[in-house]
Every structure is written in structure tokens, then in C-alpha cells.
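Here the sequence shown stands for residues 3 to 172, where the numbers follow our numbering.
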Amino acid sequence: SMAITVDALTMIKQLLVIVIIPVAIGMFIKAKYGTFALKMEKPVKIASAIIFILVIIGVTISIKDVFLSYLSEAGLPAILLNISTMTIGFMAAVLFKLTRPQAISISIETGIQNGTLAITLATIALNNAEYSIVPAIYGLLMFVTATVIIFVRKPLGIKDQLSVEKDSPQ
């Protein structure tokens with residue numbers, strides 16, 4: 003087996019640039035410019051989803067020759083990991099007596115939060131696109147499970163948080 007070497011300082015720098023700095027900027031903007039942050043929430047979510055989809059497409063294209071074989075090998079473990087993390091997120095929210103819409107939101111966030119980060123770190127820090135195959139497969143499948151939950155919650159009578167707040171008496 004081949005040894006993988008990782009430069010810890012490079013990884014820390016990349017985590018700062020990819021995660022910590024953007025989150026800090028977002029927190030600052032929300033604290034100082036709350037109205038603007040609220041207006042930008044939906045466009046930023048859409049842009050994030052588009053960027054993530056483009057990353058998945060890019061990884062898939064870069065490894066297209068081996069993608070299907072890796073999908074057959076890593077697909078089941080990836081979907082099981084995704085469903086497990088979503089279930090744990092949901093159960094933790096229920097344990098803390100959060101509302102059903104909050105529990106579903108936490109479940110979805112738990113299932114999808116680290117896909118882009120895993121792909122980016124695997125590709126850049128490890129300098130090998132093949133290391134990003136499993137995270138890319140996870141990324142593809144996590145959207146499938148999240149979409150199923152989003153569409154299934156409506157027939158189950160679970161309203162989103164905004165609807166619940168509008169319907170409740172003041």
C-alpha cells in the first residue's frame with residue numbers, strides 16, 4: 003500500500019480559507035447587517051448548491067473512466083453513512099425536544115454538511131483527484147436522500163419553520 007503524506011500546515015491553511023474565514027465573515031455580516039444577511043440568505047444558499055454541483059461534476063469528469071466502478075464499490079457505504087448521520091442528527095434534535103421542522107433541518111444539515119470540504123481537501127491537500135471519488139459519491143447521494151426527505155415531509159404534514167411561525171398566534 004502507498005503511504006499518504008499530508009502537510010498539516012497546508013491543511014490548516016486550507017481549512018481556514020475554505021471554512022473558518024467564510025463562516026466568520028458570515029457571522030460578522032449577520033451581526034452587523036442583519037437585514038442584508040436575511041435578504042442574501044436564499045441567493046447564497048442557491049449559489050452554494052450550484053458551486054457544490056459544479057464541484058461534483060468536475061470531480062466526476064476528471065475521473066470518468068473509473069467513476070462507475072467506484073460508484074458500485076463506494077455507493078452502498080456512502081448511502082449508509084449518509085442515512086446514519088441524518089438519522090443521528092434527527093434523533094439528537096428530538097432528544098433535545100426541538101420542533102419537528104428543526105429536527106428535519108438538523109437531519110438534512112448533518113447529512114450534507116461536509117461533502118464539499120471532503121472533496122476539496124482530498125483534491126487539493128492530497129493532490130490526487132482519485133482521493134475525492136468517495137466524497138464525490140457521498141456528495142451525489144446525499145442530495146438524493148435530502149431531496150427525498152424534503153419532498154416526503156410535506157405529505158406527512160410537517161410544515162417548514164416559517165409556516166409554523168406564521169400559523170402560531172402572537
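Backbone N, C-alpha and C fix where the C-beta goes; we use that ideal spot for every residue, glycine too.
Apart from the five residues just before and just after residue i, which ones in its own chain have a Cβ nearer than 8 Å to its Cβ?
{"i": "residue 11", "result": "none"}
{"i": "residue 26", "result": "none"}
{"i": "residue 83", "result": "140"}
{"i": "residue 96", "result": "105"}
With distances taken Cα to Cα, identify the nearest neighbour of residue i among the options.
{"i": "residue 121", "options": "17, 79 and 7", "result": "17"}
{"i": "residue 130", "options": "86, 35, 91 and 61", "result": "61"}
{"i": "residue 15", "options": "147, 152, 150 and 126", "result": "126"}
{"i": "residue 85", "options": "147, 47, 66 and 117", "result": "147"}
Report the CB separation of residue i from residue j in whole angstroms; it is logged as a contact under 8 Å.
{"i": "residue 109", "j": "residue 124", "result": "No, residue 109 and residue 124 are not in contact; Cβ-Cβ is about 25 Å, not under 8 Å."}
{"i": "residue 113", "j": "residue 91", "result": "7 Å"}
{"i": "residue 119", "j": "residue 20", "result": "6 Å"}
Leaving aside the five residues before and after residue i along the sequence, list all residues of the same chain whose C-beta is less than 6 Å from its C-beta, in chain order.
{"i": "residue 81", "result": "143"}
{"i": "residue 171", "result": "Low confidence applies to residue 171: its pLDDT is 48, below 50, so where it sits in the model is not reliable, and the reading given next is rough at best. No residues qualify anywhere along the chain."}
{"i": "residue 32", "result": "39"}
{"i": "residue 69", "result": "62"}
Considering only residues of the same chain and omitting the five flanking positions on each side of residue i, which have a CB-CB separation below 7 Å?
{"i": "residue 58", "result": "138, 141 and 142"}
Review point. Which residue spans inside the stretch 81 to 147 form an unbroken beta strand (DSSP E) run of at least 3?
Key: none
Check your understanding: What are the complete alpha helix (DSSP H) segments, minimum 4 residues, inside the stretch 3 to 48?
Key -> 10 to 17 and 23 to 34
Practice item. Would you check if there are 3 or more beta carbon pairs closer than 8 Å linking the stretch 130 to 147 to the stretch 73 to 82? Key: They touch, by the three-pair rule.
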